[in-house]
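First up is the structure itself, then whatever we jot down about it.
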Amino acid sequence: MRASLPITIASAALLAAMPLAAAELSPAVVFDMGGKFDKSFNEGVWNGIERFKTETGVKYREFEVTNETQREQALRRMAQRGADPVLGIGFAQAPALEKVAKEFPETRFAIIDMVVDLPNVQSIVFKEHEGSFLVGALAAATSKTGKVGFIGGMDIPLIRRFACGYVQGVKHGNAKAEVLQNMTGTTPAAWNNPTKGGELARSQFDRGADIVYAAAGGTGVGVMQAAKDAGKLAIGVDSNQNHIHPGTILTSMLKRVDVAAYNVFKTAMDGTWKPGIQVLGLAEDGVGWALDGNNDKLVDAGTRAMMDSLRADIIAGKIKVHDYMSNNSCEG
Amino acid sequence: MARGEAAPAWVGHVLVPLVNLALAFLVSGLIVLAIGEDPLEAVVILVRGAVGFEEAIGYTLYYATNIMFAGLAVAVAFHAGLFNIGGEGQAYIGGLGVGVALLAFDAHLPLPILLLISILASAAFGAAWAWIPGYLQARRGSHVVITTIMFNFIAFALMNYLLVNVLIQPGQMSPQSREFEPVAWLPFAHEALGWFGIQVTRSPLNLSLLWALACCLLVWLLIWRTRWGYRIRVVGGNEPAARYAGIDPAKVVIATMCVSGALAGFVGLNEIMGVQHRLLLNFTAGYGFVGIAAALMGRNHPLGIILASLLFGALYQGGAELAFEMPRITRELVVVIQGLVILFSGALEHMLRPRIEAMFRRPAPAGGEG
């Protein structure tokens, strides 16, 4: 890199008020294109760091990117302002975060959903296929028609990983069951298109499905509404969405990004923060299925016992859930 | 110059746009006030964020480069009476051309040849993507507004398919190709200036800005200084007259759409070869649509498009700084401010123009200074 050190920018940037004591932790987060109020992935992170803010009183800086180039810009600007740790949300930020983390080796970075292998970066990834397997098995056990549905957001490998785990879970529960699959779209708009989500869900209900799993960010809101209107069941994702329509949401596939984000800030504050890769699966409670007052009538005791034993079997390695990303195919 | 009847040219070209801009900022200021932030401070942050330091200028010019290409694409088509809304898709496919070319040749060829190949590939891919709607318009009568919009979606679906299934780097979560060899990276402005001993901070601005400016000149030459450009303008002005004069409108429509698509394809040159250095999804980020606004504001003239692109580039970059500095100003609000500028200077252009021009029409008596 021939670039001169970014001192000029930093000084210019400092002209704007920066009322931070030097010793205090000044964490920062860069949300991705979904926006922090997507009711799902980004919002999970937001919940986690809001909890951190309430508990510790430490404020954080934040930015929501609107195009590809802003990711790098925002991450670098955070680091220049002395933010530490800097948390990037979503796999798409990996190339930008890698670049910026090299430029600021003293700053601690963290990224969720992707691995960046640098000495000052903590990478947090989830085994979404394990959690999806569990909700798939629950869907198979609950379905009366033997047909269940899956509605993904944007058609990318990550969402295929959800779909693939789900299908394996359904087939494990009922080898003859049929899984109808639809992706909402091919653009990022697919993360936030509840109307189309509702349409796809209605079409799957018309074809005989009685439970639909939505792994589609904000689009899932429409899926759940359609399930409620049709008197069928839906499965939520990422955050616990059981409360959205009590009695309609069979369960939610939890991906504890909130805990992950909280831990990044918290460990940085305590001094226990470590770089490296964290893979959060069922064993680490990084993924799971949600059971609370809103859906306990939908899942009977026998099914609960089955779910517990499945979970134990996956953790013990007796059931192997194939990961789509390992070979870019759902055929293990 | 202009006396008596017509208002002086500077009124129409300078004063009216400035008044419109001021109005847009006034309304934006009220909104900022309503959400409880200081509008004056917001303006200061916006302006300083756009042009206040080297990196900001770099980002502003980088955005302007994209918008310039897209604006030129819309303008060229507009001179032939065609409303090309497909800049987004043509830019996307243009980027595919650059990406495929560089993935194939980056290990074997030096930069100048790679650059030439990339320019040709982005132009060819963009043109091909615009050729289809052009052909359908000219030979089948399918309206180009409809087909170009549809082709945006087809472009997105195609790119998604290719990146998720074909071009993806194996073992990679994110649907994107491998990174090109560094030899294939179009030099950044901070690198290029470094060759002359000028140190500037890094930004995504790269040499494709020069190509954008060259394209502005080329478009001006094409439209106003060649026979071909004359044909384009005749077809756009009056198709029956063009036919009567022996011009085949169908041929002109198809050719113009190809030129338009090629220009839009250069957005891919800036993004893929200049900034991202790999093929990835959604790098067009709406520039194709902002190009429409830039062309309208710039009145389809390259000079106007340069100015409008600078304005939109400044709004993009300054808006990002605004969202960064003021927590209560979200990115959605930045879009609102950008939208207000487009509304006042584009859609509501004729609200004030007649009145302002009328004010300057009468007071100059014969013999007075114009």
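If you read the protein sequences in the order shown, they are chains A and B. Each residue of the first sequence is one higher than the last, beginning at 54 in the working numbering. Each residue of the second sequence is one higher than the last, beginning at -18 in the working numbering. For glycine and all other residues, C-beta sits at the position ideal for the given N, C-alpha and C. Since this is a predicted model, take the numbers as computed values, not measurements.
Q) By a C-beta neighbour count over all protein chains shown, 10 Å radius and 16 as the cutoff for buried, is G70/B buried or exposed? A) By 1-based counting over the second sequence, the position of residue 70/B is 89. When all chains shown are included, G70/B counts as buried.
Q.
Give me the chain B residues within the contact set of D208/A, using Cβ-Cβ distance strictly less than 7 Å, ordered along the chain.
A. Translated into the one-based positions of the first sequence, residue 208/A becomes position 155. Near D208/A (Cβ distances below 7 Å), the residues of chain B are N141 and V145.
Q. Who are the Cβ neighbours of L144/B in its own chain at under 8 Å, not counting the five residues just before and after it?
A. Numbered from its first residue, the second sequence carries residue 144/B at position 163. Closer than 8 Å at Cβ, skipping near neighbours: P156, Q157, S158, L260, L261 and L262.
**Q.** Neighbouring residues, chain A, relative to V32/B (Cβ below 9 Å)
**A.** In the second sequence, counting from the first residue as 1, residue 32/B sits at position 51. What V32/B touches in chain A: nothing, since even the nearest Cβ is about 11 Å away.
Q | C-alpha gap between N380/A and P148/A, whole angstroms | A | As a first step, residue 380/A is located in the first sequence; it is residue number 327 there, counting from the start. As a first step, residue 148/A is located in the first sequence; it is residue number 95 there, counting from the start. Looking at the two C-alpha atoms, the distance is approximately 21 Å.
Q. Is the shortest distance between the beta-carbon of S189/B and the beta-carbons of chain A less than 8 Å?
A. Looking up residue 189/B in the second sequence gives position 208. Cβ-Cβ to chain A under 8 Å: no for S189/B.
Q. When we look at the beta-carbon of Q180/B and count the other beta-carbons within 10 Å, is it buried (16 or more) or exposed?
A. Locating residue 180/B in the second sequence gives position 199, counting from the first residue. An exposed status is given to Q180/B, since fewer than 16 other beta-carbon atoms sit within 10 Å of its beta-carbon.
Q. Hey, out of G222/A, M322/A, R161/A and K152/A, whose CA is closest to M306/A's CA?
A. In the first sequence, residue 306/A corresponds to position 253, counting from 1. Comparing Cα-Cα distances from M306/A to each of G222/A, M322/A, R161/A and K152/A, the minimum goes to G222/A.
Q: Could you check how far apart the C-beta atoms of G298/B and T41/B are, in whole angstroms? I think they sit under 8 Å.
A: Start at 1 with the first residue of the second sequence, and residue 298/B comes out as number 317. Start at 1 with the first residue of the second sequence, and residue 41/B comes out as number 60. A small fix is needed here, since residue 298/B is Gln in this sequence, not Gly. Contact holds; Cβ gap of about 4 Å.
**Q.** Three-state secondary structure assigned by DSSP to M207/A
**A.** For the purposes of this step, residue 207/A is identified with residue 154 of the first sequence, where counting begins at 1. It is a strand residue.
Q: Taking only beta-carbon positions, decide if E121/A is within less than 8 Å of chain B.
A: Within the first sequence, residue 121/A is the residue found at index 68, counting from 1. Judged by the 8 Å Cβ criterion, E121/A is in contact with chain B.
**Q.** As assigned by DSSP and simplified to three states, the class of L186/B
**A.** By 1-based counting over the second sequence, the position of residue 186/B is 205. Looking at L186/B - three-state DSSP - the assignment turns out to be coil, as it is neither helix nor strand.
Q: Can you give me, in chain order, the residues of the region 166 to 190 of chain A that have a beta carbon less than 9 Å from any beta carbon in chain B?
A: D166, M167, V168 and V178
Q | Chain-ordered residues of the region 272 to 306 of chain B with a beta carbon less than 7 Å from chain A | A | If you check each beta-carbon in the region 272 to 306 of chain B against every beta-carbon of chain A, the ones closer than 7 Å belong to A301, A304, F305 and E306.
Q.
If you follow the beta strand (DSSP E) that W166/B is in, where does it begin and where does it stop?
A. If you number the second sequence from 1, residue 166/B lands on position 185. W166/B -> no beta strand (DSSP E), and no H or E assigned at all.
Q.
By the three-class DSSP mapping on this structure, what secondary structure does D349/A have?
A. The residue given as residue 349/A occupies position 296 in the first sequence. Coil at D349/A, not helix or strand.
Q.
Could you compute how far the alpha carbon of T122/A sits from the alpha carbon of G300/A?
A. For the purposes of this step, residue 122/A is identified with residue 69 of the first sequence, where counting begins at 1. For the purposes of this step, residue 300/A is identified with residue 247 of the first sequence, where counting begins at 1. So the alpha carbons of these two residues sit roughly 43 Å apart.
Q: Please report how far the alpha carbon of S123/B lies from the alpha carbon of Y116/B, in whole angstroms.
A: The count along the second sequence starts at 1 and reaches residue 123/B at position 142. The count along the second sequence starts at 1 and reaches residue 116/B at position 135. Using only the alpha carbons, I get a separation of about 9 Å.
Q) Does P158/A come within less than 8 Å of chain B when only Cβ atoms are used? A) On the first sequence, position 105 is the one that residue 158/A refers to. Cβ-Cβ to chain B under 8 Å: no for P158/A.
(Q) For V374/A, would you say it is in contact with chain B, using Cβ-to-Cβ distances shorter than 8 Å as the test? (A) In the first sequence, counting from the first residue as 1, residue 374/A sits at position 321. No - not a single Cβ of chain B is within 8 Å of the one on V374/A.
Q: Have a look at I130/B, E36/B, D19/B and P335/B and flag the residue whose alpha-carbon is nearest the alpha-carbon of T182/B.
A: Along the second sequence, read from residue 1 onward, the residue named residue 182/B stands at position 201. Comparing Cα-Cα distances from T182/B to each of I130/B, E36/B, D19/B and P335/B, the minimum goes to E36/B.
Q) N235/A bridges to which residues according to DSSP? A) For the purposes of this step, residue 235/A is taken as the residue at position 182 of the first sequence. Paired residue(s): I204/A.
Q: Please compile the residues from chain A whose C-beta is within a distance smaller than 7 Å of the C-beta of L95/B.
A: What you label residue 95/B is simply residue 114 of the second sequence in a count that begins at 1. Think of a sphere of 7 Å around the beta carbon of L95/B: no beta carbon from chain A falls inside it, the nearest being about 20 Å out.
(Q) To the nearest angstrom, how far is the alpha carbon of I12/B from that of P247/A? (A) Sequence index remark: in the second sequence, residue 12/B carries index 31 (1-based). Sequence index remark: in the first sequence, residue 247/A carries index 194 (1-based). Cα to Cα, I12/B sits roughly 28 Å from P247/A.
Q: Tell me whether A109/B sits in a helix, a strand or coil according to DSSP, three-state version.
A: For the purposes of this step, residue 109/B is taken as the residue at position 128 of the second sequence. In this structure, A109/B counts as helix in the three-state DSSP scheme.
Q.
Please state the DSSP three-state secondary structure of G52/B.
A. On the second sequence, residue 52/B is found 71 positions in, with the first residue counted as 1. Residue state for G52/B is assigned as helix, using DSSP reduced to three classes.
Q) Are A274/B and G327/B close, meaning C-beta to C-beta below 8 Å? A) Residue 274/B sits at position 293 when you count from the first residue of the second sequence. Residue 327/B sits at position 346 when you count from the first residue of the second sequence. Going by C-beta atoms, A274/B is nearer than 8 Å to G327/B.
Q.
At the level of alpha carbons, what is the spacing between R213/A and P163/B?
A. Residue numbering aside, residue 213/A sits at position 160 when the first sequence is read from its first letter. Residue numbering aside, residue 163/B sits at position 182 when the second sequence is read from its first letter. Near 32 Å, if we compare the C-alpha coordinates of P163/B and R213/A.
(Q) Determine whether the beta carbon atoms of S189/B and L167/B lie at a separation below 8 Å. (A) Residue 189/B sits at position 208 when you count from the first residue of the second sequence. Residue 167/B sits at position 186 when you count from the first residue of the second sequence. Yes, Cβ-Cβ distance for S189/B and L167/B is below 8 Å.
Q: Give me the Cα-Cα distance between F177/B and N235/A, rounded to the nearest whole angstrom.
A: Mapped onto the second sequence, residue 177/B falls at position 196. Mapped onto the first sequence, residue 235/A falls at position 182. About 55 Å.
Q | Separation of K89/A from G346/A, as counted between CA atoms | A | Counted from its first residue, the first sequence places residue 346/A at position 293. Counted from its first residue, the first sequence places residue 89/A at position 36. Each residue's alpha carbon lies about 27 Å from the other.
Q | Contacts that P138/A makes with chain B (C-beta to C-beta distance below 8 Å) | A | Here residue 138/A is taken as the residue at index 85 of the first sequence, counted from 1. Those do not exist, as P138/A stays about 18 Å from chain B at its closest Cβ, beyond 8 Å.
Q) So, is H331/B buried or exposed, given that buried needs 16 or more other C-beta atoms within 10 angstroms? A) Taking the first residue of the second sequence as 1, we reach residue 331/B at position 350. Exposed.
Q: Count the other CB atoms, across all protein chains shown, that sit within 10 Å of the CB of H182/A; report buried if there are 16 or more and exposed otherwise.
A: As a position in the first sequence, residue 182/A is number 129, starting the count at 1. Classification for H182/A: buried.
**Q.** DSSP state of K249/A mapped onto helix, strand, coil
**A.** In the first sequence, the residue the question calls residue 249/A occupies position 196. Here K249/A sits in helix by DSSP.
Q: Provide the residue(s) that pair with Y266/A in DSSP beta bridges, ordered along the chain.
A: If you number the first sequence from 1, residue 266/A lands on position 213. F203/A and I288/A, per the DSSP bridge assignment.
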